[in-house]
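Line order of the protein sequences matches chains G and F. Under the numbering used here, the first residue of the first sequence is numbered 1, with each subsequent residue one higher. Under the numbering used here, the first residue of the second sequence is numbered 1001, with each subsequent residue one higher.
Protein chains: 2
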Amino acid sequence: MNSISEKTIGRLSLYRRILGELAQKQTQHIYSHELAAMAGATAAQVRRDLMPVGYSGSPTKGYGVRDLMDSISKFMDAPCGQSVALVGLGNLGRAILTYFAGRRPNLTITVTFDNDRSRVGKAFHGCRCYHTEELQKVIAQNNIRMAIIAVPADHAQSVADNLINCGIYGLLNFAPISLRVPGHVYVEYIDITTSMEKAAYFTRRAIERAKSGKSA
Amino acid sequence: MNSISEKTIGRLSLYRRILGELAQKQTQHIYSHELAAMAGATAAQVRRDLMPVGYSGSPTKGYGVRDLMDSISKFMDAPCGQSVALVGLGNLGRAILTYFAGRRPNLTITVTFDNDRSRVGKAFHGCRCYHTEELQKVIAQNNIRMAIIAVPADHAQSVADNLINCGIYGLLNFAPISLRVPGHVYVEYIDITTSMEKAAYFTRRAIERAKSGKSA
DNA sequence: CAAGCATTGTGAACTGCGTAACGACATTAA
DNA sequence: TTAATGTCGTTACGCAGTTCACAATGCTTG
Ligand SMILES: NC(=O)c1ccc[n+]([C@@H]2O[C@H](COP(=O)([O-])OP(=O)(O)OC[C@H]3O[C@@H](n4cnc5c(N)ncnc54)[C@H](O)[C@@H]3O)[C@@H](O)[C@H]2O)c1
Ligand SMILES: NC(=O)c1ccc[n+]([C@@H]2O[C@H](COP(=O)([O-])OP(=O)(O)OC[C@H]3O[C@@H](n4cnc5c(N)ncnc54)[C@H](O)[C@@H]3O)[C@@H](O)[C@H]2O)c1
């Protein structure tokens, strides 16, 4: 199986974003060690990650910024754009919608759902909000295969079940629970609470280290 | 050095949250395989993660829910509470502040900063917003050692520099860039854009697998 | 009371990821 | 032309993290 690791895909996403900024600054070429420094990685890792992409740089010029960016896009993106549904238009859901509105042409939040009738019907950022009852119909009509879950934790599992039942194959879950899904469904987790507690723990460790280092 | 891995700390945070819910339901005891199922892990991994915590379960009753939760808290949390600063009160920053307000007594966002004067001075959720100019003073006064960065990407590095200059040892960074920080500072990254693209990629892969599996 | 049983804690084996190392190659300079 | 330089692509290695496997433990039951 020539399967690409999740870590590599994550870094490719980051490399592409950096290349995009470089392209805006009219930078033509870049070496692996330069890209690595900007991405917080090593030169060897960058070269390794780029292997499956199939783009080759020149030993003297490095990588062509524009070409590499396009190659990564060709490798990662859907050929014809991808529509995403967002479920839960609370504080976090609205922040996400606002952020992604009009940003990526190839990966767009096209519909949103909530079960709060006061939100239903309104359009945020040109994106209509439907009631959760209409999940099945709207997802089928728009041929959506991926969804973002931004509902409270105690509703997340049932929302996921519904989505999968409607033919969803991939989820980005912000609710702080582990979802039980069938084997064919991919789930990406963002657990802000856990990240917060991790950061708090390692912050304390960093302080301890600094103190003991000072005294030593 | 008997250093604990980041992965383990992340899962301990999740275990504790699950235990909290179990405690509310008056569940007294739980086995490693039950906790593993709820956390999306394996029984062996749960037991391994619990080793550094130092709490021992009984081979017949399993782990005491309340006791294990307390042991994890004693292991992970600061003995006397921890204050966190939030920089950037945009859409994401406000969502985070709203979510954490009054939720965790031991880990609290106590001050916020923005450079938009229209936000400064107001209090969101009983938490005053200061102008970034006052960073040094306010952080010193409140003895803050950790901060959340929720400003646009092109300001994130300079904000981080300022924070570190004020004595911050740990960061939770939502800006989609890699921060350059001195070795004594810990950084935890949440890159929503990358997670989104990862999910999109593996969603497509899941669809392909399902199709080829169907035809095979 | 002893045998049986399910679970715990942990050493040992395994897996996968990141790093190091090295041959290949294009350019530059002598 | 030829030697020197610096980077690329790829293979090989080492380590961290996960899973396996089993002795130790203490309840249950006949
Ligand atoms: N905001 C944060 O910083 C933060 C931090 C950690 C975790 N989270 C998690 O992210 C998720 C969303 O957080 P939030 O702050 O936006 O919460 P929120 O309460 O502001 O929003 C939740 C939204 O989901 C809607 N909803 C509830 N049940 C629903 C259902 N069954 N179907 C459709 N919509 C439903 C509600 O009407 C509401 O609009 C939660 O699971 C939360 O635990 C958020
Ligand atoms: N909202 C999302 O879903 C999302 C997704 C991906 C990435 N992000 C990242 O999260 C960060 C915040 O996103 P957002 O949607 O809240 O953006 P936003 O534009 O809504 O908020 C940014 C806030 O930061 C403040 N700010 C700007 N420069 C500042 C400075 N130098 N010092 C202090 N405050 C400053 C602004 O006044 C504003 O209030 C950004 O880096 C963004 O790239 C957000």
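Ideal Cβ positions, reconstructed from N, Cα and C, are used throughout, including at glycine.
- Residue 28 of chain G places its beta carbon less than 8 Å from that of residue 64 of chain G.
- Bridge pairing for residue 83 of chain G: G:108 [DSSP].
- At a cut-off of 3 residues, the continuous stretches assigned as beta strand (DSSP E) that sit fully inside the stretch 148-208 of chain G are 170-173 and 186-189.
- In this structure, the alpha-carbon of residue 1031 of chain F lies about 50 Å from that of residue 1115 of chain F.
- By a beta-carbon distance limit of 8 Å, residue 99 of chain G contacts residue 1091 of chain F. Their separation comes to about 7 Å.
- Exposed is the label assigned to residue 141 of chain G, since fewer than 16 other Cβ atoms lie within 10 Å of its Cβ.
- The beta-carbon of residue 188 of chain G is placed less than 8 Å from the nearest beta-carbon of chain F.
- Of all alpha-carbon atoms in G:179, G:197 and G:22, the one lying nearest the alpha-carbon of residue 1010 of chain F is that of G:197.
- Rounded to whole angstroms, the separation of the alpha carbons of residue 127 of chain G and residue 1005 of chain F is 42 Å.
- Short note on residue 1143 of chain F: C-beta not closer than 7 Å to any heavy atom of ligand 2.
- Taking C-beta atoms as the reference points, residue 1125 of chain F and residue 1156 of chain F fail to come closer than 8 Å.
- Residue 104 of chain G and residue 189 of chain G have their alpha carbons spaced roughly 21 Å apart.
- Counting the other Cβ atoms within 10 Å of the Cβ of residue 119 of chain G gives 16 or more, which makes it buried.
- Judged by DSSP secondary structure, residue 1033 of chain F falls within the alpha helix (DSSP H) whose first and last residues are 1032-1039.
- The Cβ of residue 184 of chain G sits closer than 8 Å to at least one Cβ of chain F.
- Between residue 183 of chain G and residue 1112 of chain F, the alpha-carbon positions lie close to 42 Å from each other.
- For the options F:1185, F:1193 and F:1052, the alpha carbon positioned closest to that of residue 209 of chain G is the one of F:1185.
- Counting C-beta pairs closer than 8 Å gives fewer than three between the stretch 1137-1153 of chain F and the stretch 173-182 of chain G, which falls short of the contact rule.
- About 5 Å separates the beta carbon of residue 1072 of chain F from that of residue 1016 of chain F, a gap short enough to meet the 8 Å contact definition.
- From the beta-carbon of residue 10 of chain G, the residues of chain F found nearer than 7 Å are 1194 and 1198.
- The DSSP-derived three-state label of residue 99 of chain G is helix.
- Cα atoms of residue 1195 of chain F and residue 61 of chain G: separation of roughly 31 Å, rounded to the nearest angstrom.
- The bridge partners DSSP lists for residue 64 of chain G are G:29.
- Burial of residue 129 of chain G is indicated by the presence of at least 16 other C-beta atoms within 10 angstroms of its C-beta.
- Shortest Cα-Cα distance from residue 1134 of chain F to any of F:1049, F:1152, F:1153 and F:1087 involves F:1087.
- DSSP lists no bridge partner for residue 55 of chain G.
- Following the DSSP letters along the chain, one finds residue 1128 of chain F inside the beta strand (DSSP E) bounded by residues 1127-1131.
- Remark: the shortest separation between the CB of residue 174 of chain G and any heavy atom of ligand 2 does not fall under 7 Å.
- Within the DSSP bridge table, the entry for residue 1114 of chain F names F:1131 as partners.
- Where residue 8 of chain G is concerned, the enclosing alpha helix (DSSP H) starts and stops at 6-24.
- At the C-beta level, residue 153 of chain G and residue 175 of chain G come within 8 Å of one another.
- Looking at the backbone, the Cα of residue 159 of chain G and that of residue 170 of chain G are separated by about 13 Å.
- Relative to ligand 2, residue 112 of chain G has its C-beta separated by 7 Å or more from all heavy atoms.
- A direct Cα-Cα distance of roughly 15 Å separates residue 1040 of chain F from residue 1050 of chain F.
- Residue burial annotation: residue 1143 of chain F is exposed, with fewer than 16 other C-beta atoms found within 10 angstroms of its C-beta.
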